[in-house]
Every structure is written in C-alpha cells, then in structure tokens.
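Chains as they are written, first to last, in the working numbering: chain Y, 1 to 293; chain B, 1 to 277. Think of the CB as a built atom: it goes at the ideal place given N, C-alpha and C, for glycine as much as any other residue. Quick caveat, the model's predicted, so the values are computed rather than measured.
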Ligand SMILES: Nc1nc2c(ncn2[C@@H]2O[C@H](COP(=O)(O)OP(=O)(O)OP(=O)(O)O)[C@@H](O)[C@H]2O)c(=O)[nH]1
Ligand SMILES: Nc1nc2c(ncn2[C@@H]2O[C@H](COP(=O)(O)OP(=O)(O)OP(=O)(O)O)[C@@H](O)[C@H]2O)c(=O)[nH]1
Ligand SMILES: [Mg+2]
Ligand SMILES: [Mg+2]
C-alpha cells in the first residue's frame with residue numbers, strides 16, 4: 001500500500017525520539033524531490049509540503065513511539081486527501097439521456113476515450129449509445145469517431161464537414177430523443193485553454209447540450225501546464241470530472257495531483273491502452289503510489 | 001565546494017527555481033543551471049538580478065546552441081517521423097510537406113500508421129492541402145511494407161523528399177519499439193543511406209516523461225533531432241533544456257498551431273527569451 005512506498009523516507013526519520021524540524025528536513029526534501037520529478041506543479045508541491053510539515057511538527061506526533069511511521073502516515077494521509085480515497089463513479093441512474101461532453105487539449109485522447117466510454121456503457125451497462133462527432137476542425141476527426149462507433153457497434157451522428165458545431169449538437173440531441181437512446185457522448189475539437197474563440201465555442205456547445213457530465217480529458221504525461229489547463233477550463237467552462245489518459249505509459253502522472261488540487265473534480269476513469277477496452281475506473285491510491293515513485 | 005555566503009540568497013534562488021521548474025526544465029537541470037550561475041558570478045554580481053538573469057540566459061543558450069545539420073540532398077531525402085501518441089507527428093508532416101512543395105520540391109508522404117482509426121485519411125487530407133502525393137498500403141497492412149514500398153516508389157519516380165509517418169507509441173511498449181526498429185531497418189534495406197533523418201516529435205505540454213521518451217526512442221532508432229509542437233499554448237517546453245542537458249539532441253522545428261503554415265525553424269534566442277516572459 002501507499003505507506004510501503006516510503007522505505008527511503010522512513011529511513012531518514014527512523015530512530016528519532018520525536019519529530020523535529022531538523023530530522024524531518026531530509027525526509028521533506030525527499031518527498032518534494034519525488035513529487036517534482038513526477039511533474040506535480042511547483043506550487044502544489046509547496047503547499048503540500050507545508051501541510052505535511054505543519055502536521056508533522058504538530059500535536060499528533062508529540063512523544064510518539066514511532067515518529068518515522070507517523071511521518072509516513074501523515075504524507076500518505078495528505079496525499080489521499082487530495083487524490084480522494086475511493087473510486088468515483090458516474091451516476092447511471094440519472095434520468096436519460098445521459099449526456100457526456102468531452103473536452104481538452106489537442107491530442108489528449110478525447111476521440112479514443114469517447115469510443116472507450118461507448119464500449120463500456122454498451123457492454124457493461126447495456127446502454128444504447130449515440131456517439132456525436134462534434135470536432136469539425138481536425139482532418140478526418142468525424143471519420144475517426146465514426147470508425148470507432150462501428151467497431152463498438154453503436155450509433156454515430158452523421159456529422160457533415162462544414163456544419164457548425166451548434167447545429168451538430170442540436171440535431172444530435174433531437175436524434176437521441178427520437179431514437180430514445182440512453183447516452184449521448186459528444187467529442188469536441190482539441191483546443192488551447194488560452195484560445196478565447198475556441199473556449200467560447202465550447203461554452204456555447206455546453207449551453208446547448210446541457211451535459212450531465214462535462215469531462216476534461218488530460219494526458220497523464222502533462223507537465224507543469226496541467227495547472228493552467230485545469231484552472232482555465234474550470235473557470236471558462238466548468239468541469240464535472242476528469243479522465244486521465246495514457247496511464248499505460250511510464251509517466252508518473254503528477255498532473256493528476258495538480259488537477260485534483262486545482263479543480264476538486266473527481267477523476268472518473270483512466271485510459272490504459274490504445275484499444276477500446278483500455279479504460280478503467282480511477283484508483284486514487286494506485287495513482288498516488290505511482291506519483292510518489 | 002561550499003563557499004559560505006557566496007550563493008544566491010534563498011528567496012532569489014526559490015524565485016528562480018519556481019520560474020524554471022514551472023517551465024518544465026525539471027529539478028535536476030534547474031539545480032545545475034543555478035549552481036553554475038553561482039559558480040560563474042562574483043559575490044557582488046549575485047546580488048544583481050539583471051546580471052543573474054543574463055548569466056542564466058547565457059547558460060541556457062549554451063545548452064541548446066547545437067544547430068542540427070541540414071538534411072542531406074538525396075533522391076529522395078528520407079525522413080522518418082516518430083513519437084508518442086498525439087504528439088503531433090501527422091500534422092508536422094503536413095506542414096513540412098507544404099513547406100517543401102512551396103519550394104518546388106517533389107514530395108511524397110508515406111502513410112505508415114496502419115493501425116489507428118482514420119490515420120491514413122488524416123494524412124491524405126494533409127497531402128491534398130499541401131498538394132503532394134501520399135503512398136498508402138491496404139488496410140491493416142504491415143507498416144514496414146508500406147514504408148518499404150514508399151521508399152521504392154520515391155526512388156523510382158525521383159522524388160526529392162519522402163516523409164514517413166509512423167503510428168504513435170508509448171516508449172515503454174517493447175513490441176512497438178521493436179516494430180519501429182524494424183521499420184528503420186527496412187528503410188535502410190530499400191535505400192542504404194536512408195533514413196537521412198529520424199525526427200522525434202515532442203509535445204511542449206509534456207513534463208519530465210519527455211526525457212524518457214527521448215532516451216527510449218533513441219535506443220530503438222537513431223533519433224537525430226526534435227520537433228517541439230504546441231508551443232502556441234501556455235506550456236513553455238523547458239523539457240528541451242532537460243533533454244539537451246542529458247542527451248544533447250538538437251531541436252530542429254517548432255509547431256505553433258494547427259494550420260499548414262504554423263511551423264518554424266527552432267530559434268534558441270527566441271525560445272530562451274520567451275521562458276522569461
Ligand atoms: N497508449 C495509449 N494511447 C492512447 C490512450 N488514449 C488515446 N491514445 C492515443 O492517443 C492518440 C491521440 O488520441 P485521440 O483520441 O486522437 O486524441 P484527441 O484528444 O481526440 O485529439 P484531438 O482531437 O486532435 O485533440 C491516438 O494515437 C490514440 O490512440 C491511452 O489511454 N493509451
Ligand atoms: N495548437 C497546436 N496543435 C497542434 C500542433 N501540432 C499538432 N497539433 C494538434 O495536435 C493534435 C494531434 O496531432 P496529430 O498530428 O494527429 O498527432 P500524432 O502524433 O500524429 O498522433 P497519433 O498518430 O495519434 O500518435 C491535432 O489536433 C493537431 O491539430 C501545434 O503545433 N499546435
Ligand atoms: Mg479528437
Ligand atoms: Mg498520426
């Protein structure tokens with residue numbers, strides 16, 4: 001478990017009569033090093049270390065029999081606070097149609113994730129799904145999602161090149177109503193959080209769709225910019241949840257901690273492969289261990 | 001060597017650490033740059049913020065001053081484009097195709113991603129936009145054979161430039177990295193001097209994993225230069241300093257948007273300047 005990961009850190013504090021500023025200094029530096037290497041944002045690390053230090057030097061560790069263990073427990077506890085302690089799940093009992101809007105930076109994995117979600121909802125939850133290609137920008141994006149829809153065996157809205165995004169959203173919603181489908185998943189174009197025009201387009205789409213879940217798709221290898229991306233998408237559009245992709249790679253995934261800290265939104269799923277079965281529930285403790293290295 | 005009192009004061013050091021780390025230079029490269037600043041400036045100079053900044057910029061430029069060699073002229077010059085999923089390979093190839101077509105070169109694109117949905121269609125659209133030919137194989141065919149055929153065609157029909165697109169892959173996937181090595185070997189079989197360039201595409205929003213990408217891709221194929229994409233975003237792309245520090249790979253190209261003209265040659269001075277904005 002998480003506390004087993006702290007072997008090295010524990011050695012630095014072991015055998016001390018009590019936790020003092022001096023003997024936890026090395027251990028704190030170790031934790032800071034580990035989090036920064038994992039791409040957790042500089043300021044998220046700073047406030048995390050401050051929290052740990054305050055608790056470690058506070059009342060709960062005074063005259064402890066095993067101060068090293070207490071230090072480790074505090075770090076694990078603080079990490080769990082940010083990452084969450086239990087897997088968060090999408091509420092499938094909500095009144096249909098369940099509408100999911102996917103957004104995020106270019107190349108994060110939105111289109112592939114849309115296909116994976118469709119497959120999960122169809123195979124595991126027997127839902128009727130409509131995949132909506134609402135990326136009118138990227139070459140062959142419509143074709144890409146329609147191909148995935150075929151592979152999964154779900155319906156795809158027949159988006160035409162040149163249609164405005166608003167029209168796609170309206171007509172797709174009308175189709176879901178007519179056909180009585182349970183779920184509609186809207187795939188959007190990748191966009192920079194600093195692109196005002198495209199963020200406005202996204203806001204308009206959200207207003208039209210009124211999604212049950214607006215999900216930010218984040219690449220697990222994202223660096224310090226994760227904080228800017230999460231903050232901007234939250235401020236300009238609103239985030240109901242996050243999907244972290246490409247966790248089958250060897251990136252430590254510190255972006256997850258930064259995004260959690262900045263948005264407080266649950267991470268619902270992780271992408272764990274290129275194929276359509278590569279989607280799992282987010283396990284906070286597993287990802288916390290990975291971030292700590 | 002510990003010279004007491006001959007370093008940056010703690011607040012200044014923390015401020016500079018924050019600037020460099022949040023630009024994705026990584027802790028290791030940040031610390032070695034700041035240590036070098038302390039070594040190279042006098043005690044008095046270390047109290048002057050402008051001098052500290054100038055020294056830091058000079059050192060950064062030293063790290064990234066290797067300019068990549070120009071592509072050798074051959075018939076065709078073969079460039080193999082590699083990188084992780086979603087980095088911007090296909091788009092970068094489209095931009096390069098347009099650049100060289102506009103210069104009157106005869107360009108061929110090889111649709112070497114035979115796996116991902118609509119990968120070939122995406123490259124074909126870029127081919128149309130750039131007014132260049134695209135060579136593709138049958139659906140689901142082996143990438144190595146598609147690229148082999150493309151090299152053959154490029155030689156026989158006397159193209160100036162062949163750009164080979166490959167499927168995205170994560171560097172820890174041994175079988176996919178082996179596939180990449182195989183594609184590289186097969187290119188060499190079709191034309192002994194080829195590929196003349198292996199270009200690794202990195203997304204500027206990537207964190208320290210970029211170093212592992214550069215390392216592992218270089219183990220599979222002889223990566224010669226980098227293309228840094230999505231630098232039009234808020235990410236600073238400091239990973240290239242970490243990579244230069246550890247692997248000495250030059251940056252050739254920068255992607256500044258999703259349009260066909262959004263490609264620039266890497267300019268170290270502009271890059272370092274923008275880190276301090
Ligand atoms: N290994 C791995 N690859 C993934 C995962 N999710 C997506 N990918 C790959 O990442 C690349 C980008 O995925 P897309 O679905 O096209 O990303 P996108 O966000 O829709 O991209 P844009 O529409 O251009 O913004 C593709 O090569 C996908 O196969 C994952 O969890 N693991
Ligand atoms: N803003 C911006 N977006 C870019 C840039 N380069 C590529 N993109 C976008 O990034 C996304 C992924 O680009 P692709 O060219 O499909 O990436 P890829 O490496 O070929 O992806 P896979 O083949 O799936 O591994 C697309 O939405 C591109 O438009 C850039 O320089 N700036
Ligand atoms: Mg997409
Ligand atoms: Mg591609």
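Secondary structure of residue i, DSSP reduced to three states
i, result
"residue 321 of chain B", "Since the first and last residues shown for chain B are 1 and 277, residue 321 of chain B lies out of range."
"residue 42 of chain Y", "helix"
"residue 185 of chain Y", "strand"
"residue 71 of chain Y", "helix"
"residue 252 of chain B", "strand"
"residue 225 of chain B", "strand"
"residue 17 of chain B", "helix"
"residue 221 of chain Y", "coil"
"residue 243 of chain Y", "strand"
"residue 79 of chain Y", "helix"
"residue 84 of chain B", "coil"
"residue 4 of chain B", "A caution first: residue 4 of chain B carries a pLDDT of 49, below 50, which makes its placement in the model too unreliable to give a value."
"residue 104 of chain Y", "strand"
"residue 129 of chain Y", "strand"
"residue 276 of chain B", "coil"
"residue 258 of chain B", "coil"
"residue 237 of chain Y", "coil"
"residue 230 of chain Y", "helix"
"residue 26 of chain Y", "helix"
"residue 114 of chain B", "coil"
"residue 110 of chain Y", "helix"
"residue 77 of chain B", "strand"
"residue 245 of chain B", "helix"
"residue 265 of chain B", "strand"
"residue 156 of chain Y", "strand"
"residue 294 of chain Y", "Within the shown structure, residues of chain Y are numbered from 1 to 293, placing residue 294 of chain Y beyond reach of any answer."
"residue 206 of chain B", "strand"
"residue 197 of chain B", "strand"
Any C-beta of chain Y under 9 angstroms from that of residue i
i, result
"residue 129 of chain B", "yes"
"residue 4 of chain B", "Reliability fails at residue 4 of chain B, whose pLDDT of 49 lies under 50, so the model's placement of it is uncertain and the value that follows must be treated cautiously. So, not an interface residue."
"residue 115 of chain B", "yes"
"residue 138 of chain B", "no"
"residue 126 of chain B", "yes"
"residue 240 of chain B", "no"
"residue 173 of chain B", "yes"
"residue 32 of chain B", "no"
"residue 102 of chain B", "no"
"residue 244 of chain B", "no"
"residue 262 of chain B", "no"
"residue 212 of chain B", "yes"
"residue 272 of chain B", "no"
"residue 280 of chain B", "Missing from the structure shown is residue 280 of chain B; chain B here goes from 1 to 277 and no further."
"residue 234 of chain B", "yes"
"residue 144 of chain B", "no"
"residue 112 of chain B", "no"
"residue 345 of chain B", "No statement about residue 345 of chain B is possible, as the shown extent of chain B runs from 1 to 277 and does not include it."
"residue 64 of chain B", "no"
Residue i at chain B interface by Cβ criterion, 9 angstroms
i, result
"residue 106 of chain Y", "yes"
"residue 266 of chain Y", "no"
"residue 203 of chain Y", "no"
"residue 138 of chain Y", "yes"
"residue 162 of chain Y", "no"
"residue 291 of chain Y", "no"
"residue 188 of chain Y", "no"
"residue 116 of chain Y", "no"
"residue 278 of chain Y", "no"
"residue 27 of chain Y", "no"
"residue 83 of chain Y", "no"
"residue 246 of chain Y", "yes"
Nearest-angstrom Cβ-Cβ length linking residue i and residue j, presumed shorter than 8 angstroms
i, j, result
"residue 109 of chain Y", "residue 217 of chain Y", "6 angstroms"
"residue 71 of chain Y", "residue 56 of chain Y", "5 angstroms"
"residue 243 of chain B", "residue 24 of chain B", "Incorrect: roughly 11 angstroms between the Cβ atoms, too far for contact."
"residue 303 of chain Y", "residue 241 of chain Y", "Limits of chain Y in this structure are 1 at one end and 293 at the other, which puts residue 303 of chain Y out of reach."
"residue 251 of chain Y", "residue 209 of chain B", "4 angstroms"
"residue 230 of chain B", "residue 262 of chain B", "Residue 230 of chain B to residue 262 of chain B, Cβ: 10 angstroms. No contact."
"residue 81 of chain B", "residue 176 of chain B", "Residue 81 of chain B to residue 176 of chain B, Cβ: 15 angstroms. No contact."
Secondary structure, beta strand (DSSP E): runs of 3+ residues fully inside the segment 121-177 of chain B
Every beta strand (DSSP E) stretch that sits fully inside the segment 121-177 of chain B and reaches 3 residues is listed by chain position as 133-135 and 161-166.
Would you list the residues whose beta-carbon is nearer than 5 angstroms to any heavy atom of ligand 4, in the order they occur in the chain?
So the residues near ligand 4 by this Cβ test are B:89 and B:90.
Quick one: which unbroken beta strand (DSSP E) runs of 3-plus residues sit fully inside the segment 247-275 of chain Y? Chain order, please.
Correct list: 267-271.
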